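Written below as structure tokens is the structure these notes are about.
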Amino acid sequence: MFPLIGRKSMVAAEGSEWASQRKLYNPGFSPDFLRGVVDTIIQKCNRFIDKCDEDLAAGVSTDMLDRAIDLTVDVIVAVAFGEDWNVYDTSDDNEGLQTRNAMRDLTELLGIAQRNPLKRYFDPLHKWKTWRLSKALERNMQKLVKRRLAKFQLTEGKEDLKQQKDILSLSLSSVLRSKETSQQAVGAISITSDDMENMTSQLKTFYFAGHDTTATTIAWAYWLLLQHPESLTRAREEVVSALGKDWVQAAIEGNGISNGLSSTTFEKLQQCEYLDAVARETLRLYPPAASTRYAPDSNANADGWRLGESIVHLNFYAIQRDPDLWEKPNEFVPERFLGEDGRKRISSSGFLPFSKGSRDCIGKYFALLEAKIALATLICRYDGKIVDENEVYTTRLTSIPRGGCAVKLCLRFCNHSSDEQTFAF
Ligand code: HEM
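Numbering (numbering that gives the first Met the number 0), first residue to last: 0 to 424.
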């Protein structure tokens, strides 16, 4: 994973080093921060919908995973780095697109080697390809840091980084804080290669962890809903009733933000218990990630098995379909997550898509928020037909649907007679 996320990534850190990283980035996932990013998510959803509309107009099916990856890249870059990379602009010099492609190709390459380590040796260029992609990724992340530092120096420190809670600002302000006493003049601040490696490792980590997994969840969830029309209807009715017809109409037409409707979205989404259950049931059936960790404590054991100083791999897919823990383990039943009773029945060690304990996923609420907004938009705007009912769950580095959960979309307009389109609720 190091070529992808960097040697100093918080994912690889242990002990006090990890704890201080986690503490530093926690504010970037607080409820207040998340409430504030709803606007951005809706804005990016509008771009996502435009692209789905283009597929529809061209009469081609939509690769939902690919479309959702563009969406989640767009969102994570805006929310975590405060930039707009417009991954839809396909010109050769688009740095955002280059970064997205380098990340995608490197994930694919490392995934192949993970599935079959021999491939590393059969492909004489494997090492070189990995190095080249990793360098490209590193270079673009360094540019990102330098751009932000230059902006900070240009405003002579007036741009108050301490007020900003996005990942890049948190990272940079922590480095600057450590230099405050030694270098007072903002223009004189210099970043060492060590500082730079530390920052780019975290940026790559959040970029990688923050998009693929959420995109996979959106693609599978929509695919599952299309296969279960009753669940789809229930989710759709709940969204319209909780968020209101105006929200649905405005968000999918692209003017949700100008109408100021997004300010209440965060709270209203909390009422969408069924949509939340759909997201969780999707994560149970198709967990995008597993956990592979080193157990440093030499006394660690599980049921008498000595785990200390070994690598422990937890297969969430197997655990979350274990018939001893789940009724109808292979069926899509969002209802199992509903209400106090439902939640009580779920064994806390049987549902682990975000892992558990202090090293669980820092971005879990952010991921659920983004997935629910994307799903709400998709189910209100389209009817869809699944292209392949036998979609396959396969592992790249994260786990993805092999066929991209392809769907044929069709609009749910009910009134074509006026200029103003209205939607069938
Ligand atoms: C549905 C979406 C997601 C899933 C299923 C998921 C899953 C996970 C899992 C299973 C872990 C633990 C890995 C391990 O133990 O080795 C983890 C850790 C992590 N995730 Fe996520 N994740 C998701 C979304 C996100 C998002 C949106 C972000 C950031 C924006 C993020 C950032 C991280 C980070 C930084 C860690 C490492 C935490 C630490 O070591 O303290 N994840 N995630």
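All C-beta atoms in this analysis are idealised placements derived from N, C-alpha and C, irrespective of residue type, glycine included.
Bear in mind that the values here come from a model prediction, so they are computed numbers and not experimental data.
How is histidine 415 classed by DSSP in three states: helix, strand or coil? For histidine 415, the predicted structure reports a pLDDT of 42, less than 50, and the residue's modelled location is therefore unreliable. A value from the coordinates is still provided. DSSP places histidine 415 in coil when its eight states are reduced to three.
Are there three or more Cβ pairs, one per stretch, closer than 8 angstroms when the segment 86-98 is compared with the segment 235-244? no
Rounded straight-line distance, which links the Cα of lysine 50 to that of glutamate 419: The predicted position of glutamate 419 is uncertain, since its pLDDT is 49 and thus under 50; a value taken from the coordinates is nonetheless stated next. So the two alpha carbons sit approximately 20 angstroms from each other.
Every unbroken alpha helix (DSSP H) within the segment 223-298, with a cutoff of 4 residues, ordered by chain: 228-242, 244-252, 264-269, 272-284
Do leucine 225 and glycine 95 have their CB atoms nearer than 8 angstroms? no
Comparing alpha-carbon positions, which option in Met9, Gly403, Glu334 lies nearest serine 170? Met9
Pair within 8 angstroms by beta-carbon distance, histidine 227 and phenylalanine 350: no
Which of helix, strand or coil DSSP assigns to tryptophan 325: coil
Provide the residue span of the alpha helix (DSSP H) that contains proline 123, from first to last. First-last for proline 123: undefined, no H or E at that position.
Applying the 10 Å Cβ sphere with the 16-neighbour rule, what's the burial state of proline 286? buried
To the nearest angstrom, how far is it from the Cα of valine 406 to the Cα of aspartate 321? 29 angstroms
Which residue wins for smallest C-alpha separation from lysine 145, given the options Asp194, Ala57, Phe207? Asp194
Leucine 64 and phenylalanine 47 closer than 8 angstroms at C-beta: no
Is aspartate 359 near the ligand HEM, going by C-beta to nearest heavy atom under 7 angstroms? yes
Could you check the C-alpha separation between threonine 264 and tyrosine 120 for me, to the nearest Å? 51 angstroms
Of all the options Ala294, Met0, Glu107, which has the alpha carbon lying nearest to the alpha carbon of isoleucine 310? Ala294
Rounded separation between tryptophan 222 and threonine 61 - CA only: 11 angstroms
Can you name, in chain order, every residue of its own chain whose Cβ lies under 6 angstroms from the Cβ of glutamate 211, other than the five neighbours on each side? This sequence places aspartate at residue 211; glutamate is not what is there. Result list for aspartate 211: Thr397, in chain order.
8 angstroms Cβ cutoff met for lysine 371 and leucine 268: yes
For tryptophan 127, count neighbouring Cβ atoms within 10 angstroms of its own Cβ and tell me buried if that reaches 16, exposed if not. exposed
Closer than 7 angstroms by C-beta to isoleucine 378: which residues in its own chain qualify, once you throw out the five before and the five after it? Chain order, please. Leu224, Leu231, Ala234, Arg235, Val238
Can you have a look at proline 400 and say buried or exposed, based on whether 16 or more other CB atoms are within 10 angstroms of its CB? buried
Sort out for me which residues DSSP pairs proline 400 with in a bridge. Tyr392
Buried or exposed by the 16-neighbour rule on C-beta atoms within 10 Å, applied to cysteine 404: buried
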